[in-house]
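Quick notes on the structure that follows.
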Amino acid sequence: MESICTLLHIVMTIINFSRAQEKTCSVYGEFSYPQLWKNGDIIIGGIFPFHSKWEMTDSSFSVLPPTINCMSLEFSALQYTQTLIFAIDEINNSSSLLPGVSLGFKIFDTCTSPAQGVKVAMALVNGNENSVSDEICTKPAQVQAIIGETYSSVSMAISKSIGPFSMPLISYYSTCECLSDKRKYPSFLRTIPSDYYQTIALAEMVKHFGWTWVGAIRRDDDYGNSGMAAFTKIAEELDICLEYSLPFFRTYSKERVLRIVEQIKSSTSRVIVGFVTAREFEILLNVFSEHNITGYQWVGTEGWIANPAAATLDKYNILQGAIGLAIPKTTVTGLKDFILDIKPLKSVGSAIFTKFWEALFTCTYKGQNNSGTIPVCTGEEKVSQVKNPFTDMSMMPIFSNVYKGVYAIAHTLHELLGCKQTCPTKKQPDPLTFLEHLKKIRFKTKEGENVYFDENGDPPAKYEIINWQKTKENQYEFVTVGLYDSSVPAQDRLAVNMSSIVWAQNTNQVPTSVCSESCPPGTRKAVQKGKPICCFDCIPCAAGEISNMTDSNECQQCQQDYWSNADKNKCVKKEVEYLSYEETMGILLTVVSIIGSLMTIIIAIIFFKYKNTPIVKANNSELSFLLLFSLTLCFLCSLTFIGRPSQWSCMLRHTAFGITFVLCISCVLGKTVVVLMAFRATLPGSNVMKWFGPPQQRLSVLAFTLVQVIICVLWLTISPPFPYKNLMHYKEKIILECNLGSNIGFWAVLGYIGILAILCFVLAFLARKLPDNFNEAKFITFSMLMFCAVWITFIPAYVSSPGKFTVAVEIFAILASSFGLLFCIFLPKCYIIIMKPMKNTKKLIIGKVQVL
Numbered sequence: 000m001e002s003i004c005t006l007l008h009i010v011m012t013i014i015n016f017s018r019a020q021e022k023t024c025s026v027y028g029e030f031s032y033p034q035l036w037k038n039g040d041i042i043i044g045g046i047f048p049f050h051s052k053w054e055m056t057d058s059s060f061s062v063l064p065p066t067i068n069c070m071s072l073e074f075s076a077l078q079y080t081q082t083l084i085f086a087i088d089e090i091n092n093s094s095s096l097l098p099g100v101s102l103g104f105k106i107f108d109t110c111t112s113p114a115q116g117v118k119v120a121m122a123l124v125n126g127n128e129n130s131v132s133d134e135i136c137t138k139p140a141q142v143q144a145i146i147g148e149t150y151s152s153v154s155m156a157i158s159k160s161i162g163p164f165s166m167p168l169i170s171y172y173s174t175c176e177c178l179s180d181k182r183k184y185p186s187f188l189r190t191i192p193s194d195y196y197q198t199i200a201l202a203e204m205v206k207h208f209g210w211t212w213v214g215a216i217r218r219d220d221d222y223g224n225s226g227m228a229a230f231t232k233i234a235e236e237l238d239i240c241l242e243y244s245l246p247f248f249r250t251y252s253k254e255r256v257l258r259i260v261e262q263i264k265s266s267t268s269r270v271i272v273g274f275v276t277a278r279e280f281e282i283l284l285n286v287f288s289e290h291n292i293t294g295y296q297w298v299g300t301e302g303w304i305a306n307p308a309a310a311t312l313d314k315y316n317i318l319q320g321a322i323g324l325a326i327p328k329t330t331v332t333g334l335k336d337f338i339l340d341i342k343p344l345k346s347v348g349s350a351i352f353t354k355f356w357e358a359l360f361t362c363t364y365k366g367q368n369n370s371g372t373i374p375v376c377t378g379e380e381k382v383s384q385v386k387n388p389f390t391d392m393s394m395m396p397i398f399s400n401v402y403k404g405v406y407a408i409a410h411t412l413h414e415l416l417g418c419k420q421t422c423p424t425k426k427q428p429d430p431l432t433f434l435e436h437l438k439k440i441r442f443k444t445k446e447g448e449n450v451y452f453d454e455n456g457d458p459p460a461k462y463e464i465i466n467w468q469k470t471k472e473n474q475y476e477f478v479t480v481g482l483y484d485s486s487v488p489a490q491d492r493l494a495v496n497m498s499s500i501v502w503a504q505n506t507n508q509v510p511t512s513v514c515s516e517s518c519p520p521g522t523r524k525a526v527q528k529g530k531p532i533c534c535f536d537c538i539p540c541a542a543g544e545i546s547n548m549t550d551s552n553e554c555q556q557c558q559q560d561y562w563s564n565a566d567k568n569k570c571v572k573k574e575v576e577y578l579s580y581e582e583t584m585g586i587l588l589t590v591v592s593i594i595g596s597l598m599t600i601i602i603a604i605i606f607f608k609y610k611n612t613p614i615v616k617a618n619n620s621e622l623s624f625l626l627l628f629s630l631t632l633c634f635l636c637s638l639t640f641i642g643r644p645s646q647w648s649c650m651l652r653h654t655a656f657g658i659t660f661v662l663c664i665s666c667v668l669g670k671t672v673v674v675l676m677a678f679r680a681t682l683p684g685s686n687v688m689k690w691f692g693p694p695q696q697r698l699s700v701l702a703f704t705l706v707q708v709i710i711c712v713l714w715l716t717i718s719p720p721f722p723y724k725n726l727m728h729y730k731e732k733i734i735l736e737c738n739l740g741s742n743i744g745f746w747a748v749l750g751y752i753g754i755l756a757i758l759c760f761v762l763a764f765l766a767r768k769l770p771d772n773f774n775e776a777k778f779i780t781f782s783m784l785m786f787c788a789v790w791i792t793f794i795p796a797y798v799s800s801p802g803k804f805t806v807a808v809e810i811f812a813i814l815a816s817s818f819g820l821l822f823c824i825f826l827p828k829c830y831i832i833i834m835k836p837m838k839n840t841k842k843l844i845i846g847k848v849q850v851l
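Under numbering that gives the first Met the number 0, the residues of the sequence shown are numbered 0 to 851, in order.
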């Protein structure tokens, strides 16, 4: 119906515009006349919803739509009207503001209908004169600016209609964010903050209280839908989820309302955001009372949170603990008394005055139909004797918005007219010029409040956070518990006194409304499939990752040298692992190494003491002492593998090991060759020993060792070993080891030792069946067999051993092969020297064959 009326109005406007191009001016149709008016030099328009609804009528495109029949008086509109008149009277009596210029007003009723709003707005712009003349229908606007309207939908329709004429519309209560769009509403301004700031404040407040799973009910019009869309967008940015967002309008059918009730009952969220007006909320409150919907934490907008009527209707504590945003409390000196002094209205609009008087005192004037059940109005009734919405001054902040709107117009006129002691002209400025100056106006009210508009025509946003609390008389009291101010830095905008809040069900504990409980540090959130992001599971962080705050979306990887602790909430230094002298394994290997070197030294001392005995002489004493010296070095070189790796220790350990072992094997090889050569020398006509005497033996040992030295020098020159942090083998610890630098160099060192050992083993094996007098070949064979077995076993053990055990395996191989050589070659001889000295004779050693 509203759309049809609006469409018809647009059609008639086009027709009238085309007729205005003719030489005659004719005005068609039925006109609206103001409910309240007062003449003046410059007129201010007012559009207020004196009625909250209208009677629906059938319309036809063949005739103009009839005047709508308005019903249900709204006392708040009369309060707004009284405020506008109060401001105009103040300005007219001021000697400093617009001196010599009188302001008048024309005030219309919209009945909350957008179509009626457009109609009366055009009446204010174009006038109501039903006349025909020879003049073209072009003339100045009838008013300088318009104050109105309450509802955003009506303000949008009006602003779109009068915007092309640059006629300012200053609203005191329309908060829809959409009205800030200057492309659609170029002449719209307001003295109440935009819902843009309210939605931010609501979302930040919900986040502040820890609610991430909420429901919402919105008024099903531009105010509610636009506001809830903005709230949803900001809520998503703050990780707040809406379980549901239900539209509601007072004309909904009973079945549709019941579906809303059932959805709320089946929900799991315990917080409901109400983006509705007081009218819708009063209806909802009755429905919730019928279905016992209690225990929810309500969060309200300024549209209803400070509404005393809703507080009166709540008989079942449905709204107990409700919290929300309200326009800050303010006072306008003298306004309250002026509003309550309603009698002067009789002189400026008797019809509407009569309706309000009868509704105010529940009486009727004489001469009207009266069954006798309703008392007759005398006109002398006292407002102080009644208590109803008209006498309630809780909407004073909104009255102040009307007051500031009128004064913004007056200050703009004062500047444009060049008023000083008096205004030089009373001529009304053209709308466009007036609008541009109005947007830039800045002044202070008599209470000291700064008034100005931003680039979108909006004032700065400031809200009080109020809480519904029960008094001892079981009545609701609106208690201010915080403040939101958009003009301060973001981190300081919201201030709440948590200790002074009483929550739903009369508790001091903040209600919980989450889809999933918070994930503690050490875990991360994993969204449940098919559900909003606020519904999640808590997944422990993987090893090496941490989360050090509640509800982390991701686990953070620890830095390279750090690892996660047991709780996965902190990165700690990784344990550094290497074979240390302080640990048990290191101590044992050190002790064994020292014992081995001491035993070698002791055996060398024994051999030196008994160097002239047959058994020492018969076993090549020079190579024996060199072999004992090299074995001592072999035992000691294992110590370079223990301790924290350094550049020098890494280079020394492998090269020292390689050279000492080659020296050792070279000596054994020399002894083996000596045994073979000595046997062949005993054969008739053999002169072999002259080719492998002591000089040749020393030279062979030197030559074999020099080859290993060259290999080691090349290794250290081209790509030497170096200390290395192994982070790959164990993720939770750092293994300090020596990187080989060149694997070829390492395996060349080992390979060369292996070649000499195999050669020695083969030669000793060939000499194993020589006469018992030369039984050292058997011991060498056995020692080489042990040596090869140890190092063949070492290779897979070395490759597969982790961390410090790799070093331990290498030390074990060095010690085992060294002990094998020491025990197999020298222990039997020491046994004879010490325990069986009677066998240590030349006769026994020579036997049948003479040894040279």
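Glycine is no exception: its CB is placed at the ideal position from the N, C-alpha and C atoms.
The model shown is predicted, which means the values in this text are computed figures rather than measured ones.
* Using DSSP bridges, identify the partner residues of residue 724. => Here residue 724 is taken as the residue at index 725 of the sequence shown, counted from 1. For residue 724, which the question treats as bridged, DSSP gives the partners 735.
Fill in: residue 623 versus residue 666 - alpha carbon distance
Here the question's residue 623 lines up with position 624 in the sequence shown. Here the question's residue 666 lines up with position 667 in the sequence shown. Residue 623 and residue 666: Cα-Cα distance of roughly 8 angstroms.
If you count every other CB in all the chains shown that lies within 10 Å of the CB of residue 419, and 16 or more means buried, which is it?
-> Translated into positions along the sequence shown, residue 419 becomes position 420. Per the 10 Å Cβ criterion, exposed.
* Asked: Under the rule that 16 or more other beta-carbon atoms within 10 Å means buried, what is residue 580, buried or exposed?
  -> Translated into the one-based positions of the sequence shown, residue 580 becomes position 581. With fewer than 16 other Cβ atoms within 10 Å, it is exposed.
*Return the chain-ordered list of same chain residues with a C-beta closer than 8 angstroms to the C-beta of residue 248, the five sequence neighbours on each side being excluded.*
Locating residue 248 in the sequence shown gives position 249, where the first residue counts as 1. Contacts found: 218, 219, 220 and 279.
### Message
Between 643, 283 and 655, which has its C-alpha nearest residue 714's C-alpha?
### Response
Taking the sequence shown and counting its residues from 1, one reaches residue 714 at position 715. It is 655.
Query raised in the report: Thinking C-alpha only, which one of 42, 141, 65 and 149 is nearest residue 77?
Result: For the purposes of this step, residue 77 is taken as residue 78 along the sequence shown, with counting starting at 1. The candidate whose alpha carbon is nearest that of residue 77 is 149.
Nearest CA to the CA of residue 400: which residue from 390, 448 and 716?
-> Looking up residue 400 in the sequence shown gives position 401. The option with the nearest alpha carbon to residue 400 is 448.
- At least 3 beta-carbon pairs within less than 8 angstroms: the stretch 783–791 vs the stretch 750–757: yes
| request: Assign residue 641 to one of three DSSP states: helix, strand, or coil. | output: In the sequence shown, counting from the first residue as 1, residue 641 sits at position 642. Three-state result, residue 641: coil.
Report task. May I ask you to report which of helix, strand or coil DSSP gives residue 70? Result -> By 1-based counting over the sequence shown, the position of residue 70 is 71. Residue state, collapsed to three classes: strand.
* Asked: Is residue 292 helix, strand or coil when you go by DSSP?
  -> What you label residue 292 is simply residue 293 of the sequence shown in a count that begins at 1. Of the three classes helix, strand and coil, the one that applies to residue 292 here is coil, per DSSP.
Mind the definition here: the stretch 295–315 touches the stretch 44–53 only if three or more C-beta pairs lie below 8 angstroms; say whether that holds.
-> no
Let me confirm a value: residue 864 is counted as buried when at least 16 other C-beta atoms fall within 10 Å, else exposed. Which label applies?
In the structure displayed, the chain extends from 0 to 851; residue 864 sits before or after that span and is not available.
_Taking the alpha helix (DSSP H) that residue 222 belongs to, which residues open and close that run?_
Your numbering for residue 222 matches position 223 in the sequence shown. 221–236 is the span of the alpha helix (DSSP H), which, as asked, contains residue 222.
Please state the DSSP three-state secondary structure of residue 181.
In the sequence shown, residue 181 corresponds to position 182, counting from 1. Note: residue 181 maps to coil in three-state DSSP.
Problem set entry | Inter-residue spacing [alpha-carbon to alpha-carbon] between residue 168 and residue 417 | Within the sequence shown, the letter at position 169 stands for residue 168. Within the sequence shown, the letter at position 418 stands for residue 417. One C-alpha to the other measures close to 23 angstroms.
_Nearest-angstrom Cα separation, counted from residue 823 out to residue 852_ = Residue 852 lies beyond the range of the chain shown here (0 to 851); nothing can be said about it.
_Measuring only the C-alpha atoms, how far is residue 546 from residue 451?_
Translated into the one-based positions of the sequence shown, residue 546 becomes position 547. Translated into the one-based positions of the sequence shown, residue 451 becomes position 452. Whole-angstrom Cα-Cα distance: 47 angstroms.
message = If I follow the unbroken alpha helix (DSSP H) through residue 118, where does it start and stop?
response = Your numbering for residue 118 matches position 119 in the sequence shown. First-last of the alpha helix (DSSP H) with residue 118: 113–125.
Under the assumption that residue 499 contacts residue 459 (Cβ atoms under 8 angstroms), give the Cβ distance between them as a whole number of angstroms.
Here residue 499 refers to the residue found at position 500 of the sequence shown. Here residue 459 refers to the residue found at position 460 of the sequence shown. No, residue 499 and residue 459 are not in contact; Cβ-Cβ is about 26 angstroms, not under 8 angstroms.
Relative to the C-alpha of residue 88, which candidate in 101, 584 and 283 has its C-alpha closest? What you label residue 88 is simply residue 89 of the sequence shown in a count that begins at 1. The shortest Cα separation from residue 88 among 101, 584 and 283 belongs to 101.
On the DSSP bridge assignment, give the partners of residue 310 in chain order. Residue 310 sits at position 311 when you count from the first residue of the sequence shown. BP columns for residue 310 are empty, so no partner.
Going by beta-carbon coordinates alone, are residue 147 and residue 46 separated by less than 7 angstroms? For this step, residue 147 is matched to residue 148 along the sequence shown. For this step, residue 46 is matched to residue 47 along the sequence shown. Contact: yes.
- request: Report all residues from its chain with a CB closer than 7 angstroms to the CB of residue 817; omit the five preceding and five following residues, and keep chain order.
  value: Along the sequence shown, read from residue 1 onward, the residue named residue 817 stands at position 818. Closer than 7 angstroms at Cβ, skipping near neighbours: 595, 630, 633 and 634.
Spatial neighbours of residue 200 in its chain, beta-carbon cut-off 6 angstroms, leaving aside the 5 residues before and after = For the purposes of this step, residue 200 is taken as the residue at position 201 of the sequence shown. Taken in chain order, the residues that qualify are 324, 462 and 483.
Hey, how far is the Cα of residue 320 from the Cα of residue 216?
For the purposes of this step, residue 320 is taken as the residue at position 321 of the sequence shown. For the purposes of this step, residue 216 is taken as the residue at position 217 of the sequence shown. Rounded to whole angstroms, residue 320 to residue 216 spans 18 angstroms at the Cα level.
The alpha helix (DSSP H) that contains residue 631, what's its start and end? For the purposes of this step, residue 631 is taken as residue 632 along the sequence shown, with counting starting at 1. That run of the alpha helix (DSSP H) goes 620–636.
Q: Leaving aside the five residues before and after residue 363 along the sequence, list all residues of the same chain whose C-beta is less than 8 angstroms from its C-beta, in chain order.
A: Within the sequence shown, the letter at position 364 stands for residue 363. Once the five neighbours on either side are set aside, the close Cβ partners of residue 363 are 357, 369, 373, 374, 375 and 376.
For residue 513, the nearest candidate out of 266, 829 and 735 (CA to CA) = Position 514 of the sequence shown, counted from the first residue, corresponds to residue 513. Distance check between residue 513 and each of 266, 829 and 735 places 266 closest, using alpha-carbon atoms only.
Item to complete: Throw me the rounded Cβ distance for the residue 428 and residue 415 pair, which I believe falls under 8 angstroms.
Response: As a working mapping, residue 428 is identified with position 429 in the sequence shown. As a working mapping, residue 415 is identified with position 416 in the sequence shown. Going by Cβ atoms, the distance from residue 428 to residue 415 rounds to 5 angstroms, so yes, they are a contact pair.
query: Which first and last residues belong to the alpha helix (DSSP H) in which residue 696 is found?
result: Position 697 of the sequence shown, counted from the start, is the residue given in the question as residue 696. Start and end: 693–717.
What's the gap between the Cα of residue 328 and the Cα of residue 383? Reading the sequence shown from its first residue, position 329 is the one you call residue 328. Reading the sequence shown from its first residue, position 384 is the one you call residue 383. Approximately 23 angstroms, taken between the alpha carbons.
- CA-CA distance, residue 515 and residue 179? Position 516 of the sequence shown holds residue 515. Position 180 of the sequence shown holds residue 179. Distance between the alpha carbons of residue 515 and residue 179 is about 37 angstroms.
*How long is the line joining the alpha carbons of residue 480 and residue 402, rounded to whole angstroms?*
Looking up residue 480 in the sequence shown gives position 481. Looking up residue 402 in the sequence shown gives position 403. If you take the alpha carbons of residue 480 and residue 402, they lie about 27 angstroms apart.
How is residue 756 classed by DSSP in three states: helix, strand or coil? Your numbering for residue 756 matches position 757 in the sequence shown. Residue 756: helix per DSSP, three-state reduction.
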